[in-house]
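Contents: one structure, followed by commentary.
Number of protein chains: 2
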Amino acid sequence: MGIVVQKYGGSSLSDADAIKRVARRITEAKKAGNDVVVAVSAMGDSTDELLDLAAQVSPLPPARELDMLLTAGERISMALVAMAISDLGFTARSFTGSQAGVITDSVHGKAKIIDVTPGRIRGAIDEGHIVIVAGFQGVSQATKEITTLGRGGTDTTAVALAAALEADVCEIYTDVDGVFTADPRIVPSARKLDTVTYEEMLELAASGAKVLHLRSVEYARRHNIPIHVRSSFSTLEGTTVTGSINDPAREGSMEAPIIAGVAHDRSEAKITVVGVPDKVGEAAAIFTALADAQINIDMIVQNVSAAATNLTDISFTLPHSDGQTAMTTLHGLKNKVGFESLLYDEKIGKISLIGAGMRSHPGISAKFFTAMAEAGVNIGMISTSEIRISVIVEEDDVDAAVQAAHTAFDLDADEVEAVVYGGTGR
Amino acid sequence: MGIVVQKYGGSSLSDADAIKRVARRITEAKKAGNDVVVAVSAMGDSTDELLDLAAQVSPLPPARELDMLLTAGERISMALVAMAISDLGFTARSFTGSQAGVITDSVHGKAKIIDVTPGRIRGAIDEGHIVIVAGFQGVSQATKEITTLGRGGTDTTAVALAAALEADVCEIYTDVDGVFTADPRIVPSARKLDTVTYEEMLELAASGAKVLHLRSVEYARRHNIPIHVRSSFSTLEGTTVTGSINDPAREGSMEAPIIAGVAHDRSEAKITVVGVPDKVGEAAAIFTALADAQINIDMIVQNVSAAATNLTDISFTLPHSDGQTAMTTLHGLKNKVGFESLLYDEKIGKISLIGAGMRSHPGISAKFFTAMAEAGVNIGMISTSEIRISVIVEEDDVDAAVQAAHTAFDLDADEVEAVVYGGTGR
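Protein chains in written order, with my numbering: chain A, 2 to 427; chain B, 2 to 427.
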């Protein structure tokens with residue numbers, strides 16, 4: 002018998018009826034002859050409710066206690082799922098992250114999994130039980146403190162359990178049918194992908210596709226665990242994330258698509274540092290200061306300096322949420338670096354074209370930029386990786402840009418099959 | 002520096018403001034120079050809400066999973082209390098029952114504490130932290146499963162921590178000012194007791210006084226930990242439970258009151274087995290069957306059998322909640338035992354007079370029964386212990402009986418000082 006690991010997010014566990022539906026789904030996998038291990042998130046909005054309570058009690062709660070508080074959410078949902086399974090005539094055992102052997106570092110609120118020691122889980126499996134594990138949480142190796150894994154934590158828990166148990170597959174149940182060639186809310190003709198490689202999925206996730214969190218995909222790639230993303234509201238096959246773009250078998254395949262999909266992201270802002278003296282060390286001073294302020298920079302563009310003035314402009318993008326801190330940090334550098342002024346723009350969007358095929362097919366960039374131009378979309382910044390081209394456009398142009406790129410690369414389906422595309426919570 | 006253990010129940014932790022008030026109270030004890038360890042219950046009605054959720058998911062949830070679910074309640078309150086303390090400029094560390102070393106047997110839902118291994122708590126105290134412990138919960142010695150202690154569990158947690166840490170005192174904060182000579186809702190002139198012995202408190206608790214749970218008092222007596230019951234809504238001194246009725250120093254004291262108080266209990270029902278053949282083994286058959294059905298019997302009275310028929314009646318009291326099961330069990334015995342019929346009466350109440358002094362003062366029973374008679378109260382059953390006399394009366398007579406006994410033994414205060422008398426939750 003093989004082991005199947007499943008993950009259900011908060012939107013699949015919104016109330017008692019949803020929990021019973023999930024329980025039926027879990028027992029079907031068991032009936033099909035599998036050993037089943039399930040990672041669950043907290044029910045619906047319960048994490049937000051706990052955060053509200055914390056905010057009422059303390060404006061800046063200690064991270065250790067916040068983790069202690071939030072981990073109650075998964076504890077509640079895992080016990081309820083186990084009860085619902087028992088009501089269907091199967092036996093289930095729920096385990097906290099700590100009991101399940103999810104060992105992390107000591108960074109409260111965004112701990113990283115160091116190891117999984119699944120002794121108790123294996124024992125429960127061997128006794129014939131379905132195992133339910135609290136997602137999003139673990140216990141720190143050094144201090145034995147309860148930790149949480151941060152955003153996407155339950156996806157990561159599920160993948161880590163699958164790796165430790167050498168599971169056949171990690172099924173991520175969510176409220177969409179899988180990974181699409183674009184957000185179906187923008188492109189109604191977007192197609193669901195049957196498979197996508199780890200590298201492409203990583204680029205999609207990093208470029209704004211919300212269906213899977215980056216960390217869980219990284220973990221799955223490292224341990225070579227196939228992830229099957231599918232809907233908890235239907236029995237349709239979803240998207241399987243598996244295989245590498247560097248797999249020799251894949252290289253020869255005629256079927257591998259050139260472009261996997263078009264992602265977009267409205268969560269970034271752009272800062273331009275105007276009139277920076279074009280000399281050694283100026284850019285380093287700017288980005289060192291931003292790094293010290295814990296700000297994540299995405300794209301960076303530096304113009305060629307005007308010969309007359311020997312001044313240049315440096316633009317970069319960063320999350321909206323870091324905008325205020327970044328501007329304050331940069332203002333503090335004005336005299337030291339000697340730039341002229343700062344511009345801040347939140348009205349931007351990023352469009353990314355992702356596909357392993359672009360390595361072997363010349364002209365992808367040209368086709369992409371031509372499509373943007375024909376759609377009347379002005380490109381502000383460009384960055385590329387081996388299998389991705391991203392452009393920054395005006396926020397109002399995002400929908401048109403996504404649609405244009407999707408059509409230009411023949412990604413449109415013959416029929417509309419999409420459902421609403423949503424977030425995955427954690 | 003001494004160690005003070007405090008306990009706050011759900012009614013003292015009903016919302017964010019209540020939690021902040023409790024946090025201030027805790028920090029005052031720390032400021033006064035004590036090391037402080039606090040056991041907390043779940044907030045307000047949150048345990049009932051979790052039970053509701055469980056009932057929606059499964060009509061008969063497995064006990065293991067119910068414990069996993071319910072322990073989330075204390076986890077939430079302990080983290081919030083720790084946050085609120087941190088907001089006042091002190092540091093606090095919260096610990097689950099398991100982390101705090103509360104070791105129990107494996108009986109889910111009503112586990113007994115076997116041992117407390119407070120290594121982590123001591124470590125946190127030594128580092129200067131205020132320690133918050135989830136009440137009502139522990140971890141089983143044999144199976145390492147999460148357990149709950151059942152009713153009165155957080156009181157017991159607090160006393161067990163006090164014993165393990167050799168604390169100076171265990172303060173139980175509740176919504177009443179202390180232990181009273183009678184329920185002030187019935188007897189407005191009831192007085193708060195300054196002190197009461199363990200034995201008297203045990204009898205009061207067993208006889209219906211809800212302010213402290215029996216198990217916690219037993220634990221405190223065994224380990225000789227003084228319990229200070231007081232209000233979390235005022236700074237008044239409450240009642241200290243300490244000392245034995247067998248303490249030689251106490252025997253000589255003129256100040257020891259003869260009667261500690263009058264308790265009442267409306268939670269019992271009475272079953273009468275009519276026309277039982279008066280021969281050896283009949284009573285044993287009846288009560289063995291009830292014991293096998295897990296029914297707790299309180300008082301038992303057997304009439305002298307009528308010479309003509311050689312038949313007797315056996316009456317006993319038991320909790321309302323066991324009434325249905327008991328009647329079903331007894332009906333099943335009818336042919337075997339050969340009794341005539343069964344009578345069931347829920348409209349009863351129990352009045353108990355409790356006091357160490359009744360051992361050395363003759364005539365207490367006579368005075369009690371006389372007071373009942375003068376108040377027009379008919380006595381149905383009588384039982385006594387060394388320091389207690391209990392009578393069963395009609396439910397409508399309970400208030401008059403309590404008031405009459407209270408007055409007869411000169412327990413009335415000169416002035417009314419009572420607040421509303423309530424339950425303690427768990």
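C-beta atoms are modelled at their ideal positions from N, C-alpha and C, and glycine is treated no differently.
Which whole-angstrom value describes the C-beta separation of residue 139 of chain A and residue 159 of chain A, a residue pair presumed to lie in contact below a C-beta threshold of 8 Å? That belief does not hold up - the Cβ atoms of residue 139 of chain A and residue 159 of chain A are roughly 13 Å apart, past 8 Å.
Q) Can you tell which of A:203, A:33, A:12 and A:230 has its C-alpha closest to the C-alpha of residue 4 of chain A? A) A:33
Note to self: Quick check: the Cα distance between residue 322 of chain A and residue 349 of chain A, rounded to an integer number of angstroms?
What the structure shows: 14 Å
### Nonlocal neighbours in the same chain, by C-beta distance under 8 Å from residue 297 of chain B, ignoring five residues either side
319, 320 and 323
If contact means a Cβ-Cβ distance below 7 Å, which residues of the segment 7 to 40 of chain B contact chain A?
Flagged, chain order: 17, 20 and 21.
Q. Applying a beta-carbon distance threshold of less than 8 Å, which residues of chain A neighbour residue 77 of chain B?
A. 51, 54, 70 and 73
Would you check if the distance between the CB atom of residue 137 of chain B and the CB atom of residue 155 of chain B is smaller than 8 Å? yes
Check: What residue range is occupied by the uninterrupted alpha helix (DSSP H) comprising residue 20 of chain A?
Finding: That run of the alpha helix (DSSP H) goes 17 to 32.
For residue 350 of chain B, which of helix, strand or coil comes out of DSSP? strand
- [ ] Using three-state DSSP, classify residue 108 of chain A as helix, strand or coil.
- [x] coil
Worksheet item: Buried or exposed: residue 292 of chain B, going by 16 or more other Cβ atoms within 10 Å of its Cβ?
Response: exposed
Exercise. Have a look at the DSSP bridge pairing and note the partners of residue 139 of chain A.
Key: A:148
Looking at residue 176 of chain B and residue 12 of chain B, is the spacing between their C-beta atoms short of 8 Å? A contact, by the Cβ cut-off of 8 Å.
* **chain B residues whose Cβ lies nearer than 8 Å to that of residue 46 of chain A** => Identification of chain B residues near residue 46 of chain A by a Cβ-Cβ cut-off of 8 Å yields none; the smallest Cβ-Cβ distance measures about 14 Å.
If you pair each beta-carbon of the segment 56 to 67 of chain A with each one of the segment 26 to 41 of chain A, do three or more pairs fall below 8 Å?
Segments in contact, no.
Q.
For residue 173 of chain A and residue 237 of chain A, which I take to be in contact (beta-carbon distance under 8 Å), what is that distance rounded to the nearest angstrom?
A. So it is not a contact: roughly 14 Å between Cβ atoms.
For residue 390 of chain B, report the span of its beta strand (DSSP E) as first-last. 389 to 395
Nearest-angstrom Cβ-Cβ length linking residue 73 of chain A and residue 95 of chain A, presumed shorter than 8 Å: Incorrect: roughly 13 Å between the Cβ atoms, too far for contact.
For this session: Would you kindly report the start and end of the unbroken alpha helix (DSSP H) that includes residue 399 of chain A?
Result: 399 to 409
* Could you please give me the residues that DSSP links to residue 303 of chain B through a beta bridge? => Paired residues: B:315.
query = Taking the alpha-carbon positions, what's the residue 39 of chain A to residue 114 of chain A distance?
reply = The straight-line gap from Cα to Cα measures roughly 17 Å.
*May I ask you to report which of helix, strand or coil DSSP gives residue 337 of chain A?*
helix
Exercise. In terms of alpha-carbon separation, which member of A:171, A:260 and A:98 lies closest to residue 146 of chain A?
Worked result: Nearest C-alpha to residue 146 of chain A: A:98.
Span of the alpha helix (DSSP H) around residue 57 of chain B:
Per DSSP, residue 57 of chain B belongs to the alpha helix (DSSP H) from 47 to 58.
Open item on the list: Pairs of beta-carbons, one from the segment 258 to 276 of chain A and one from the segment 336 to 356 of chain A, closer than 8 Å: are there three or more?
Closed with: yes
In or out: residue 308 of chain A buried (at least 16 other Cβ within 10 Å) or exposed? Label assigned to residue 308 of chain A: exposed.
Review point. What does a CB cutoff of less than 7 Å around residue 310 of chain A pick up in its chain, not counting 5 residues either side in sequence?
Key: none
Quiz prompt | Inter-residue spacing [alpha-carbon to alpha-carbon] between residue 200 of chain B and residue 7 of chain B | solution = 22 Å
### Task
Could you round the C-beta distance between residue 381 of chain A and residue 393 of chain A to whole angstroms and report it? I think they count as a contact, below 8 Å.
4 Å between Cβ atoms; contact.
- [ ] Answer with yes or no whether the minimum CB distance from residue 427 of chain A to chain B is below 8 Å.
- [x] Confidence is the limiting factor: at residue 427 of chain A the pLDDT is only 46, short of 50, which leaves the residue's position unreliable and the question unanswerable from this model.
*Cut-off 6 Å between Cβ atoms - residues of its own chain near residue 410 of chain A, not counting five sequence neighbours on either side*: 260
Apart from the five residues just before and just after residue 413 of chain A, which ones in its own chain have a Cβ nearer than 7 Å to its Cβ?
190 and 407
Taking just the CA atoms, how far does residue 127 of chain A sit from residue 102 of chain A?
-> 17 Å
request  = Taking the CB atoms as reference points, tell me whether residue 86 of chain A and residue 131 of chain A lie closer together than 8 Å.
outcome  = yes
Review point. What's the call for residue 325 of chain A, buried or exposed, on a 16-neighbour Cβ count within 10 Å?
Key: exposed
Next item on the list: Return the first residue and the last residue of the alpha helix (DSSP H) that residue 72 of chain B is part of.
Entry: 64 to 88
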